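Notes follow the structure.
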Amino acid sequence: MRPVLLIGAGGLVGRHLRRSLGGRPVVATFHSTQLVDAVPLDVRDERAVRTLVAEVRPATIILAAAEPNVERCEREPEETRRVNVDVVRPLAEEAERLGALLVVFSSEYVFDGSKGRYAEDDAVHPLNDYGRQKIDLEEIASRLPRHLVCRTSGVFGVEPAEKNFVCQLVRALAARRPFAVPSDQLITPTYAPSLADTVVRLVDMGAGGLLHVAGPRIMPRMAFAELVCETFELDCGLLRPIPTDELGLDAPRPRGAGLADQRLRALVGHALVDPEEGLRSMSQLLLPQSKGTSGLS
């Protein structure tokens, strides 16, 4: 049985994908976060990428490595593009040579946010370089006979790096620090374990093309922040709703770029886990820490 090559197993999405892929042959890679039983790989090194794919000869390549910092993408477009776009070209070529499926992850930031609720066939119009990078990634992957492009949004879950919105909010409020929340943005909260399980199911089903693999609810980011507070028993009074234009950001943000999931539901027969359920599951692991000032783990 040819293995799955999981590139970027140390990140939020990658670490949960690795769990979801348990029980099957997997070659996982890491870069900045060292992992046991995984291979070091810098995706900016094209020769190393091609060599690894040739050695592994995977049936499926899942690219979970990315630079998700939207502000850094705006300030350093050339450097971040090396991680978010350039690696896809050699992976696509090697995947086509092997007849492998290539799975990549995109974002709601491919849209300008003027519509509020977007389906897969809606026209893209990014406001920032992160969104432009994701469009380029989608275009490269979509040229392959076998590809799966998963657009997602607001991914949250347990991760050692504590980079996602929920971890940052819980850490700040547990320390009694105010936390700024955009008051005029929509989000489609997506629980990372549910995302990972669904992507693996889509691979097993032989699904392909472009899909919105995101949570079942589009909601104001402030409402989601309040839901986090309620679940983790934190003080909602520490939340500071601020209009996006007053946050001093380099990268423009779409206000209403929710992801509709009807196509996904029709394909797999159900929606991803509701954000309230995802937060409850996450809180069972983190609630003792959230009431103190220790870090999440």
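For the sequence shown, position 34 (counting from the first letter as 1) is numbered 57 according to the working numbering, and the numbering increases by one without interruption.
Positions of the beta carbon are idealized from the N, C-alpha and C atoms, including for glycine.
Being a predicted model, the structure only gives us computed values, none of them experimental.
- For Phe247, the closest of Arg224, Thr213, Val223 and Asp220 by C-alpha to C-alpha distance is Thr213.
- As for any beta strand (DSSP E) of minimum length 3 sitting wholly inside the stretch 208 to 244, the runs are 232 to 235, ordered along the chain.
- If you compare the alpha carbons of Asp135, Asn151 and Val110 with that of Ile163, the shortest gap goes to Val110.
- The beta carbons of Ala230 and Tyr141 sit about 20 Å from each other, so the pair does not count as a contact at 8 Å.
- Secondary structure of Ala203 (DSSP, three-state): strand.
- For Pro48, same chain residues with a beta-carbon under 8 Å away, outside a window of 5 residues either side, are Met24, Arg25, Pro26 and Val27 in chain order.
- When rounded, the separation of the alpha-carbon atoms in Val291 and Leu150 is 31 Å.
- Of the candidates Ser43, Gly45, Gly46 and Val62, the residue whose Cα lies closest to the Cα of Gly31 is Val62.
- Beta-bridge pairing by DSSP links Pro264 to Val204.
- Looking at the backbone, the Cα of Leu262 and that of Gln57 are separated by about 34 Å.
- With at least 16 other beta carbons inside 10 angstroms of its own, Met245 counts as buried.
- DSSP places Ala280 in the uninterrupted beta strand (DSSP E) bounded by Ala280 to Leu282.
- Spatial neighbours of Glu90 in its own chain (CB-CB distance under 7 Å, excluding positions within 5 residues in sequence) are listed in chain order as Cys96, Thr103, Val106 and Asn107.
- Spanning the alpha carbons of Arg199 and Arg303 requires a straight line of approximately 21 Å.
- For Val50, the enclosing beta strand (DSSP E) starts and ends at Val49 to Phe53.
- By the neighbour-count criterion, in which 16 or more other beta carbons inside 10 Å mark a residue as buried, Val59 falls on the exposed side.
- Between the C-alpha atoms of Ala219 and His39 there is a straight-line separation of about 6 Å.
- In the three-state reduction of the DSSP assignment, Gly136 falls in the coil class.
- Pairing Arg240 with Asp65, the inter-Cα distance amounts to about 35 Å.
- Beta bridge pairing from DSSP links His148 with no other residue.
- Cβ-Cβ distances below 8 Å link Gly271 to nothing in the same chain once the five nearest sequence neighbours on each side are left out.
- When C-alpha distances from Arg112 are compared across Arg166, Pro81, Asp145 and Glu131, the shortest belongs to Arg166.
- Cβ contact annotation for Pro100 (same chain, cutoff 6 Å, sequence separation greater than five): Asp152, in chain order.
- Residues of the same chain with a CB within less than 8 Å of the CB of Ala71, apart from the 5 flanking positions on each side, are Leu64 and Asp65 in chain order.
- A Cβ-Cβ separation of about 19 Å leaves Ser217 out of contact with Phe255 under the 8 Å criterion.
- Straight across, the Cα-Cα distance linking Gly260 with Phe53 is about 39 Å.
- Going by C-alpha positions, Ile85 is about 12 Å away from Arg169.
- For Thr56, the secondary structure class from DSSP, reduced to helix, strand or coil, is coil.
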